[in-house]
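Visitor: Numbering (this note's numbering), first residue to last: 163 to 309.
A virtual CB, placed ideally from N, CA and C, is assigned to each residue, including glycine.
Computed from a predicted structure; not experimentally measured.
Structure incoming, see below.
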């Protein structure tokens, strides 16, 4: 179990309260697909992913990005029980979708970049540390069924 300080919880929830899930989710997933093009193989049903413009304009990328970030919000609501929160998603990604668990870490890192770019003034080093801890815990919880 991960220990969260009161300050970490406050920093995480403060940023999260300002997040536009649709916008930031779409941006994070699009950046993942652009920066790490091999991740596109998990999204073959999404249609045209042939260029950064195609990816950022793809409605399926936008919708799935929103879905991913909405799910990430569940971690924030359940900071003290993230493993249980993501148990079924871990099983789905491992057993049915066969997603490389490294992609969870990569997406978490990209989410940090997206949040820092949107909330630069509020994204202090302490805030970045708390969010880095959170995305690491989420990535580990999602990869749990792989171990």
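Could you have a look at residue 267 and say whether DSSP puts it in helix, strand or coil?
Guide: The answer is helix: DSSP assigns residue 267 an H, G or I state.
Visitor: Enumerate in chain order the residues of its own chain whose CB-to-CB distance from residue 271 is below 8 Å, with the five nearest sequence positions on each side excluded.
Guide: The residues are 297.
Visitor: For the alpha helix (DSSP H) that residue 205 lies in, which residues bound it at each end?
Guide: Element bounds for residue 205: n/a, residue is neither H nor E.
Visitor: Enumerate in chain order the residues of its own chain whose CB-to-CB distance from residue 194 is below 8 Å, with the five nearest sequence positions on each side excluded.
Guide: 201, 265, 268, 269 and 272.
Visitor: For residue 241, which residues in the same chain have their Cβ closer than 7 Å to its Cβ, ignoring the five residues on either side in sequence?
Guide: These residues qualify, in order along the chain: 166 and 171.
Visitor: Just tell me which of 263, 197, 280 and 293 has its CA closest to the CA of residue 186.
Guide: Ranking 263, 197, 280 and 293 by Cα distance to residue 186 puts 280 first.
Visitor: Who are the Cβ neighbours of residue 244 in its own chain at under 8 Å, not counting the five residues just before and after it?
Guide: The residues are 164, 237, 299, 300 and 303.
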